[in-house]
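Visitor: This is the structure I have questions about; it appears just below.
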Amino acid sequence: MTTLPVLDAPACCATPPASVLTAKAAESLAATLKALSDPTRLRLLSIVAGSEGQEACVCDLTDPVGLSQPTVSHHLKVLTEAGFLTRSKRGTWAYYRLVPGALDAVAGALRSGL
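Numbering-wise, this note's numbering puts 55 at position 50 of the sequence shown, and it's gapless, one number per residue.
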């Protein structure tokens, strides 16, 4: 039987870095990322962000994603509740605007927490 030499190994119970997300912050960030995890929602955000004034009417968002108005409205509601868009009503149409810094805040939370 051959014995192997014992090597100095780093401690397995090292103190976590100070920038680790708290459980509450991780839950909040996970909910936010869940809103972004849908390809249609990412496309809608991209369209709104690329529109003049970073604002678009729901009537202009259905054709590019190829979905019905109620389905697009559902996705926009999820993005609004997650804090990425704001909604304003003008006549019979709803207009959605990108919340300034909302996407930067997600990126910053990931950078500081990881």
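Ideal Cβ positions, reconstructed from N, Cα and C, are used throughout, including at glycine.
Treat the numbers as computed from the prediction; the structure is a model and nothing was measured.
Assuming contact is defined by CB atoms lying nearer than 7 Å, are LEU90 and TYR100 in contact in what I supplied?
Guide: The answer is no: Cβ separation not under 7 Å.
Visitor: How do the stretch 92-99 and the stretch 40-54 stand: do at least 3 beta-carbon pairs fall below 8 Å, yes or no?
Guide: Touching, no.
Visitor: Taking GLY113 as the reference, give the member of THR7, LEU38, LEU9, SER78 with the closest Cα.
Guide: GLY113 has its Cα closest to that of LEU38, out of THR7, LEU38, LEU9, SER78.
Visitor: Among PRO75, ARG116, LEU103, SER73, which one has its Cα closest to the Cα of GLU57?
Guide: Minimum Cα distance to GLU57 is reached at LEU103.
Visitor: By how many angstroms is the C-alpha of GLY88 removed from the C-alpha of LYS29?
Guide: Between LYS29 and GLY88, the C-alpha separation is close to 17 Å.
Visitor: Per the DSSP calculation, LYS39 is bridged to which residue(s)?
Guide: Answer is none; LYS39 lacks a bridge partner.
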